[in-house]
Structure formats: C-alpha cells, structure tokens
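K.L.:
Residue numbers (the numbering used here): -9 to 198. Ideal Cβ positions, reconstructed from N, Cα and C, are used throughout, including at glycine. All of these numbers come straight from a predicted model, not from anything done at the bench. Please see the structure below; I have some questions.
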C-alpha cells in the first residue's frame, strides 16, 4: 500500500497495544504493571489515552522530554477517590495516581493530579468494558501536562486489591507516537527512517 501525503509533516498515533511489552517496539501509547518478580511490564488489556497526549511530545518545549516512566502507583486520600477536588500539595510526587471515574471531567482529574506532583494518572472505569476510546478535552481549562489513561473497572479493582494487600504496584507508561517527517529542507536535522505499519481496528473503512 502506498500512502501519499501532501502535508509538511504528519503525526501518527497507533492504537494502544496490550499484552507483554516487547523490547524495541516502543512506538505506542499505554500503561502496564511491572511484575513483582521483574521482567517486562504487562500492558493493560484495554485502555484509552488522553486527547491532549500529542501536546506532550510535539510542541517545541517538549520535543526532547521523556516519553515513558516507571513509577509507583498511589491512591488519593479516601475523601477524594474521584480526584475531583484538589489534593494536598506534593501528595503524588514521583508517583502515578489511581483515580475512580465519575463526578467530573477527566481533564479536571488530570489537572488536580498534576498539581499534586503526579507524573501520570490512571482512571479506572465504572464499567467492566471501557466506556470511551479517548479521554476528550472539555471545558475551558488548559490540558493536563501529564499523560492520562482510562482502564477498565476490573483492572482498577485488581490494582486496588494489590495496594490494599500492602504491595505497591510499579506502573510503566509510554506515550511515544510514531512521527513521520517528509518534505523537509536539506539543512534540517530531522530524518525519516521509520517503517510504519498502519492497521484499522474500527468498524468502518479507512480511506487513504
């Protein structure tokens, strides 16, 4: 298949992958749990990323910023499990926040987690099947400056059970989209040497 593009550059966000993380396959968006015994993280079987994610990698001030992390997971205070109110300053420093879905927008949850020092946040759904395929931007608030993901209720409950047992899960997140650059001037420092595999997982024909 030949894809003809007439833009100066294109950004492709591949669908979220799942299963065992494979070394070298780093162009994806998603999170997973690092096994307690070590080894590669096991990605959550179903998850949705934030609509603001491209802003974390493709604006001038973040072009060289990290695009993955491995950090401990933390719960909010029991009075704020939804994450719709401000957390204590520094509450999530160096951690990934685990929040429950409901009562406020995903952006609101993300902004509160970010303000409390979180490096990323997970929201577990109220349903066992994901309610959304994308965490949309809403309202007039600025987008979060940290990645956020929606996971299923069963995945969230499993993480809660691990924490309540006295074990702190380690979470791996990656927000590293495929970037295809072309039509660049000769003096550009960028190059295009990426092989891209495009697949359609929806129920409609994908036109090119």
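#1: Near residue 141, what residues of its chain come up, given a Cβ to Cβ distance below 6 angstroms and the 5 sequence neighbours on each side ignored?
#2: Let me confirm a value: residue 73 is counted as buried when at least 16 other C-beta atoms fall within 10 Å, else exposed. Which label applies?
#3: Spatial neighbours of residue 122 within its chain, please: C-beta separation below 7 angstroms, excluding the five flanking residues on both sides.
#4: Looking at residue 153: is its Cβ nearer than 9 angstroms to the Cβ of residue 23?
#5: According to the Cβ coordinates, are residue 56 and residue 84 closer than 9 angstroms?
#6: What runs of the beta strand (DSSP E), each 3 residues or longer, lie entirely inside the region 73 to 136?
#7: Can you grab the Cα-Cα spacing for the pair residue 163 / residue 82, in whole Å?
#8: For residue 145, I'd like the list of residues in its chain whose CB is within less than 6 angstroms of its CB, leaving aside the five on either flank, ordered along the chain.
#9: Helix, strand or coil for residue 64, going by three-state DSSP, please let me know.
#10: Within 10 angstroms of the Cβ of residue 19, are there 16 or more other Cβ atoms? Answer buried if so, exposed if not.
#11: For the candidate residues 110, 132, 101, 157, whose alpha-carbon lies nearest to that of residue 76?
P.N.:
Checking against the coordinates, here is how it stands:
#1: Counted from its first residue, the chain shown places residue 141 at position 151. Sequence-distant Cβ neighbours of residue 141 in its own chain, meaning closer than 6 angstroms and more than five residues away, are 34, 37, 112, 114.
#2: Numbered from its first residue, the chain shown carries residue 73 at position 83. So residue 73 counts as buried.
#3: Translated into positions along the chain shown, residue 122 becomes position 132. Exclusion of the five residues before and after residue 122 leaves 38, 140 as the residues of its chain whose Cβ lies within less than 7 angstroms of its Cβ.
#4: Within the chain shown, residue 153 is the residue found at index 163, counting from 1. Within the chain shown, residue 23 is the residue found at index 33, counting from 1. For the pair residue 153 and residue 23, the CB atoms are not nearer than the 9 angstroms cut-off.
#5: Here residue 56 is taken as the residue at index 66 of the chain shown, counted from 1. Here residue 84 is taken as the residue at index 94 of the chain shown, counted from 1. No. Outside cutoff.
#6: 86 to 90, 110 to 114
#7: Residue 163 sits at position 173 when you count from the first residue of the chain shown. Residue 82 sits at position 92 when you count from the first residue of the chain shown. Approximately 16 angstroms between the Cα atoms of the pair.
#8: Looking up residue 145 in the chain shown gives position 155. Excluding residues within five positions, the ones whose Cβ falls inside 6 angstroms are 34.
#9: As a first step, residue 64 must be located in the chain shown, where it is residue number 74. Under the three-state reduction of DSSP output, residue 64 falls in the strand class.
#10: One-based indexing of the chain shown puts residue 19 at position 29. With 16 or more Cβ atoms within 10 Å of its Cβ, residue 19 is classed as buried.
#11: In the chain shown, counting from the first residue as 1, residue 76 sits at position 86. Selected option, being the one with the closest Cα: 101.
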